[in-house]
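Enquirer:
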Amino acid sequence: MIMEFIEVLKIILLGIVEGITEWLPVSSTGHMILVDKLFPMNVSPEFKEVFLYFIQLGAILAVVVLFFKKLFPWKREEQTLNGAIAKKTVLDKGILNLWGKVLIACVPAVVGVFVGLPDNPLVVAIALIFYGVAFIVVEQINRDKTFAVQSTDDISYKQAFIIGLFQLLAIIPGTSRSGATILGALLIGISRPAGAEFTFYLAIPVMVGASGIKILQFLLDYGMFSGAEIGYLLIGAAVAFAVSMVAIKFLMNFVKKHDFKVFGWYRIALGVIVIAAIVIPSFIG
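Under our numbering, the residues of the sequence shown are numbered 345 to 629, in order.
(1) Determine the closest residue to Ile439 out of Ile499, Ala554 and Gly615, with distance taken between C-alpha atoms.
(2) Please work out which residues of its chain come closer than 6 Å, Cβ to Cβ, to Ser495, disregarding the five sequence neighbours upstream and downstream, and give them in chain order.
(3) Measure the C-alpha to C-alpha separation of Pro465 and Leu614 and round it to an integer number of angstroms.
(4) I'd like to check one pair, Pro452 with Gln511: are the Cβ atoms closer than 8 Å?
(5) Is the beta carbon of Gly528 closer than 8 Å to that of Ile515?
(6) Are the region 576-586 and the region 351-361 in contact at 8 Å, needing three or more beta carbon pairs?
(7) Just to confirm before moving on: does the CB-CB distance between Ala311 and Lys445 stay below 8 Å?
(8) If you follow the alpha helix (DSSP H) that Asn441 is part of, which residue opens it and which one closes it?
(9) Report yes if the CB atom of Gly608 is closer than 8 Å to the CB atom of Phe479, and no otherwise.
(10) So, using beta-carbon positions, are Ala403 and Phe585 closer together than 8 Å?
(11) Excluding sequence positions up to five away, which residues of its chain have a Cβ less than 8 Å from the Cβ of Asp565?
(12) Do Arg536 and Asp603 have their C-beta atoms closer together than 8 Å?
(13) If I follow the unbroken alpha helix (DSSP H) through Arg521, where does it start and stop?
(14) Kindly indicate which three-state DSSP category Trp609 falls into: helix, strand or coil?
(15) At the level of alpha carbons, what is the spacing between Leu560 and Met385?
(16) Distance, Cα to Cα, Gly476 vs Gly518?
(17) Just to check my reading of the structure: Val468 and Val618 have Cβ atoms closer than 8 Å, yes? What is that Cβ distance to the nearest angstrom?
(18) When we look at the beta-carbon of Tyr501 and count the other beta-carbons within 10 Å, is it buried (16 or more) or exposed?
(19) Could you name the residues of the same chain whose beta carbon sits closer than 7 Å to that of Val394, not counting the 5 residues immediately before and after it, in chain order?
(20) In chain order, what residues of the same chain lie with their CB nearer than 7 Å to the CB of Ala591, ignoring the 5 residues before and after it?
(21) Can you say whether Ala449 is buried or exposed, counting buried as having 16 or more other CB atoms within 10 angstroms of its CB?
(22) Do Ser555 and Phe398 come within 8 Å of each other at the CB atom, strictly closer than that value?
(23) To which residues of the same chain is Glu573 closer than 7 Å at the C-beta, ignoring the five residues directly before and after it?
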């Protein structure tokens with residue numbers, strides 16, 4: 345009973361870490377490696393992998409809830425016909441256009457679903473530090489810059505595809521999918537709020553697809569989840585959803601007044617911690 349309670353606490357911790365790090369450009373992989381090192385789950389490696397993908401669905405649900413009005417293309421409008429007022433469902437062309445850009449940006453991500461590198465702590469640490477420096481340098485260059493694109497509505501299909509290409513960088517563990525796409529958006533003249541918001545939208549099809557494939561693979565290889573495993577999945581996803589709601593609101597408010605330098609410095613510090621706490625001891629041991 346005590347062991348199960350401790351395991352649930354680990355699940356809650358992982359859900360919290362997922363909810364925060366999935367949206368901030370700090371690499372969820374780097375944090376998960378540290379958490380797993382400190383508080384390893386008492387489950388099979390196969391279930392652990394599918395668990396980490398499943399709780400992403402909870403994080404994604406937060407995006408759908410927070411941006412529902414901007415993402416749901418069917419609207420109810422009142423129309424007058426022969427003196428009578430009737431409500432009619434219509435498609436919002438602007439939102440359909442936005443989804444078109446999101447789907448275009450998803451095209452490069454298909455490669456990332458089937459190609460990936462193992463979560464080697466040294467690779468993760470190097471990626472954390474490298475892209476931390478990249479954020480600091482890019483933001484220093486953009487210090488007095490006025491961004492040409494201030495809204496997701498103004499992002500072109502070409503720009504959307506370029507942002508999608510930056511997702512390929514996330515094949516390298518420790519890069520951060522959101523970090524890569526936000527960095528790409530900054531480099532092509534898209535404002536911080538618009539770049540972050542588009543990154544959230546882009547995560548919906550990409551992460552649902554990746555998580556769906558992993559879950560299906562697990563079910564085909566190992567059969568249905570046990571009762572305890574289902575409980576772990578639901579708890580982790582619920583916590584990730586709740587924390588993501590807060591993290592997304594925080595980031596959107598933060599980038600309206602600040603740049604991403606603080607996240608760059610944080611990444612560098614985390615990379616150094618991974619090297620000191622995991623990489624060096626593994627070589628010594």
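We put the beta carbon where it would ideally sit given N, CA and C, even for glycine. Since this is a predicted model, take the numbers as computed values, not measurements.
Expert: In brief:
(1) Taking the first residue of the sequence shown as 1, we reach residue 439 at position 95. Residue nearest to Ile439 within the set Ile499, Ala554 and Gly615 is Ile499 (criterion: CA-CA distance).
(2) Position 151 of the sequence shown holds residue 495. Closer than 6 Å at Cβ, skipping near neighbours: Ala538.
(3) As a working mapping, residue 465 is identified with position 121 in the sequence shown. As a working mapping, residue 614 is identified with position 270 in the sequence shown. Rounded to whole angstroms, the separation of the alpha carbons of Leu614 and Pro465 is 12 Å.
(4) Taking the sequence shown and counting its residues from 1, the one referred to as residue 511 is at position 167. Taking the sequence shown and counting its residues from 1, the one referred to as residue 452 is at position 108. Contact: yes.
(5) In the sequence shown, the residue the question calls residue 515 occupies position 171. In the sequence shown, the residue the question calls residue 528 occupies position 184. Cβ distance not < 8 Å, so Ile515 and Gly528 don't count as in contact.
(6) Counting Cβ pairs under 8 Å, three or more are found: they touch.
(7) The structure shown does not extend to residue 311, since the chain spans only 345 to 629, so no value can be given for it.
(8) Counted from its first residue, the sequence shown places residue 441 at position 97. Lys437 to Cys450 is the span of the alpha helix (DSSP H), which, as asked, contains Asn441.
(9) Taking the first residue of the sequence shown as position 1, residue 608 is located at position 264. Taking the first residue of the sequence shown as position 1, residue 479 is located at position 135. It is a contact, given that the beta carbons lie within the stated cut-off.
(10) Within the sequence shown, residue 403 is the residue found at index 59, counting from 1. Within the sequence shown, residue 585 is the residue found at index 241, counting from 1. The Cβ atoms of Ala403 and Phe585 sit closer than 8 Å to each other.
(11) Taking the first residue of the sequence shown as position 1, residue 565 is located at position 221. Contacts found: Glu390.
(12) To locate residue 536, count along the sequence shown from 1; it is residue 192. To locate residue 603, count along the sequence shown from 1; it is residue 259. The Cβ-Cβ distance between Arg536 and Asp603 falls below 8 Å.
(13) Taking the first residue of the sequence shown as position 1, residue 521 is located at position 177. Here the alpha helix (DSSP H) through Arg521 covers Arg521 to Leu531.
(14) For the purposes of this step, residue 609 is taken as the residue at position 265 of the sequence shown. Helix.
(15) On the sequence shown, residue 560 is found 216 positions in, with the first residue counted as 1. On the sequence shown, residue 385 is found 41 positions in, with the first residue counted as 1. So the two alpha carbons sit approximately 22 Å from each other.
(16) To locate residue 476, count along the sequence shown from 1; it is residue 132. To locate residue 518, count along the sequence shown from 1; it is residue 174. Their backbone Cα atoms lie some 11 Å apart in a straight line.
(17) Within the sequence shown, numbered from 1, the residue matching residue 468 stands at position 124. Within the sequence shown, numbered from 1, the residue matching residue 618 stands at position 274. Between Val618 and Val468 the Cβ distance is about 6 Å, and since that is below 8 Å, they are a contact.
(18) In the sequence shown, counting from the first residue as 1, residue 501 sits at position 157. By the beta-carbon neighbour count (other beta carbons within 10 angstroms, threshold 16), Tyr501 is exposed.
(19) To locate residue 394, count along the sequence shown from 1; it is residue 50. Exclusion of the five residues before and after Val394 leaves Lys558, Ile559 and Phe562 as the residues of its chain whose Cβ lies within less than 7 Å of its Cβ.
(20) Numbered from 1 along the sequence shown, position 247 holds the residue referred to as residue 591. Take Ala591, set aside five residues on each side of it, and the residues of its chain with a beta-carbon closer than 7 Å to its own are Gly363, Ile364, Trp367 and Leu368, in chain order.
(21) Start at 1 with the first residue of the sequence shown, and residue 449 comes out as number 105. With 16 or more other Cβ atoms within 10 Å, it is buried.
(22) For the purposes of this step, residue 398 is identified with residue 54 of the sequence shown, where counting begins at 1. For the purposes of this step, residue 555 is identified with residue 211 of the sequence shown, where counting begins at 1. Yes.
(23) Here residue 573 refers to the residue found at position 229 of the sequence shown. Residues Phe391 of the same chain have their beta carbon placed closer than 7 Å to that of Glu573, with the five preceding and five following residues left out of the count.
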